[in-house]
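Okay, so here's the structure we're looking at.
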Amino acid sequence: GAGVSQSPSNKVTEKGKDVELRCDPISGHTALYWYRQRLGQGLEFLIYFQGNSAPDKSGLPSDRFSAERTGESVSTLTIQRTQQEDSAVYLCASSSRTGTHTGELFFGEGSRLTVL
Amino acid sequence: EDQVTQSPEALRLQEGESSSLNCSYTVSGLRGLFWYRQDPGKGPEFLFTLYSAGEEKEKERLKATLTKKESFLHITAPKPEDSATYLCAVLSGGYNKLIFGAGTRLAVHP
């Protein structure tokens, strides 16, 4: 596809369940980011992948959160034992290597997670 | 700690009524300041990058400016389709992550 694709677009889960969110970046983009956006708030950085380099995991809020990316392809964000405070929109973005310096990130439409 | 603060939180304008949004920042070694637009239910869309104080960028009715401590997004003669949340972000030091402000929700009424 032409843009960043995220799935599912909506996910409702019960507290304590695990969830997986998927991001398919723009083809050829080496960098991939995950952000979290709580209702009415700004974007909170979670994790950054750049090619085959070690990811920057400094934004992951707890060890219940993890993310994987193989090469320059699809990424999966996993939240284990979900809590109500995990309810948010999870946004994925990708950029070219140049874009990581120009700040031109291309965002998907997000996965809205609701934990009951 | 790097910080980005946007004001006002919300702004209501009449069509044609020009105004400015503010983004103040505290960072260690600014590498760039960025403006994004976000429509409801959508991901943010890139607008501008500013690198150094005194720099300006324009796109249609929007003009972004940068000083050493803040950036302004000027909206000239806005139209209802300019209604959105405008996000400011910074890239600092040796980090790879953009740090976002909470945004300004702009509503332009006909």
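These protein sequence lines map, in sequence, to chains H and D.
Here the first sequence stands for residues 5 to 120, numbered as in our numbering.
Here the second sequence stands for residues 184 to 293, numbered as in our numbering.
Just so it is clear, CB atoms sit at the ideal spot from N, CA and C, and this is done for glycine as well.
Here the structure is a predicted model, which means the values were calculated and not measured.
What are the residues in the segment 270-291 of chain D lying within 8 Å of chain H by C-beta distance?
Those residues of the segment 270-291 of chain D that come within reach of chain H (Cβ to Cβ, closer than 8 Å) are Leu270, Ala272, Leu274, Tyr278, Asn279, Lys280, Leu281, Ile282, Phe283, Gly284, Ala285, Gly286.
What are the residues that DSSP puts in a beta bridge with Glu239/D?
Translated into the one-based positions of the second sequence, residue 239/D becomes position 56. Paired residue(s): Thr248/D.
Give me the chain H residues within the contact set of Lys251/D, using Cβ-Cβ distance strictly less than 8 Å, ordered along the chain.
Taking the first residue of the second sequence as position 1, residue 251/D is located at position 68. Per Cβ cutoff of 8 Å: no residues; Lys251/D is ~18 Å from chain H at best.
Quick one: does Thr102/H have its CB under 7 Å from some CB of chain D?
By 1-based counting over the first sequence, the position of residue 102/H is 98. So, not an interface residue.
Leaving out the 5 sequence neighbours to the left and right, which residues in its chain are closer than 6 Å to Thr259/D when beta-carbon positions are compared?
Residue numbering aside, residue 259/D sits at position 76 when the second sequence is read from its first letter. Once the five neighbours on either side are set aside, the close Cβ partners of Thr259/D are Ser201, Arg244.
Quick one: list the residues of chain H neighbouring Phe255/D, beta-carbon separation under 9 Å, in chain order.
Taking the second sequence and counting its residues from 1, the one referred to as residue 255/D is at position 72. None at all; the shortest Cβ gap to chain H is about 17 Å.
Expressed to the nearest angstrom, what Euclidean distance is found between the alpha-carbon atoms of Ile83/H and Ala247/D?
Looking up residue 83/H in the first sequence gives position 79. Looking up residue 247/D in the second sequence gives position 64. The straight-line gap from Cα to Cα measures roughly 38 Å.
For Thr74/H, does the count of other Cβ atoms within 10 angstroms reach 16, so buried, or fall short, so exposed?
As a position in the first sequence, residue 74/H is number 70, starting the count at 1. The residue in question, Thr74/H, is exposed, as its Cβ has fewer than 16 Cβ neighbours within 10 Å.
Following the continuous alpha helix (DSSP H) through Thr80/H, name the residue where it begins and the one where it ends.
The residue given as residue 80/H occupies position 76 in the first sequence. No alpha helix (DSSP H) contains Thr80/H, which is instead part of the beta strand (DSSP E) from 79-83.
Between Thr104/H, Ser11/H, Gly44/H, Ser9/H, which lies nearest to Gly55/H when the distance is taken from Cα to Cα?
Numbered from 1 along the first sequence, position 51 holds the residue referred to as residue 55/H. Nearest option by C-alpha distance: Thr104/H.
Could you tell me if Leu213/D is buried or exposed, where buried requires 16 or more neighbouring beta carbons within 10 angstroms of its beta carbon?
Within the second sequence, residue 213/D is the residue found at index 30, counting from 1. Looking at its Cβ environment, which holds 16 or more other Cβ atoms inside 10 Å, Leu213/D is buried.
Would you mind stating whether Leu249/D and Leu216/D have Cβ atoms separated by less than 7 Å?
Within the second sequence, the letter at position 66 stands for residue 249/D. Within the second sequence, the letter at position 33 stands for residue 216/D. Their beta carbons are under 7 Å apart, which means Leu249/D touches Leu216/D by this criterion.
Under the three-state reduction of DSSP, which class applies to Gln45/H: helix, strand or coil?
In the first sequence, residue 45/H corresponds to position 41, counting from 1. The answer is coil: DSSP assigns Gln45/H none of H, G, I, E or B.
Classify Asp1/H as helix, strand or coil using the three-state DSSP reduction.
Because chain H here runs from 5 to 120, residue 1/H falls outside it and cannot be looked at.
Around the Cβ of Arg90/H, are there at least 16 other Cβ atoms within 10 angstroms (buried) or fewer (exposed)?
The residue labelled residue 90/H in the question sits at position 86 within the first sequence. Residue identity differs from the one stated: residue 90/H is Asp in this sequence, not Arg. Buried.
With a threshold of 16 other CB atoms inside 10 Å of the CB of Ala6/H, please say whether the residue is buried or exposed.
Locating residue 6/H in the first sequence gives position 2, counting from the first residue. That one is exposed.
Check the Cβ-Cβ distances between Asp28/H and every residue of chain D, and say whether any is below 7 Å.
Position 24 of the first sequence, counting from 1, holds the residue named residue 28/H. Output row for Asp28/H: interface = no.
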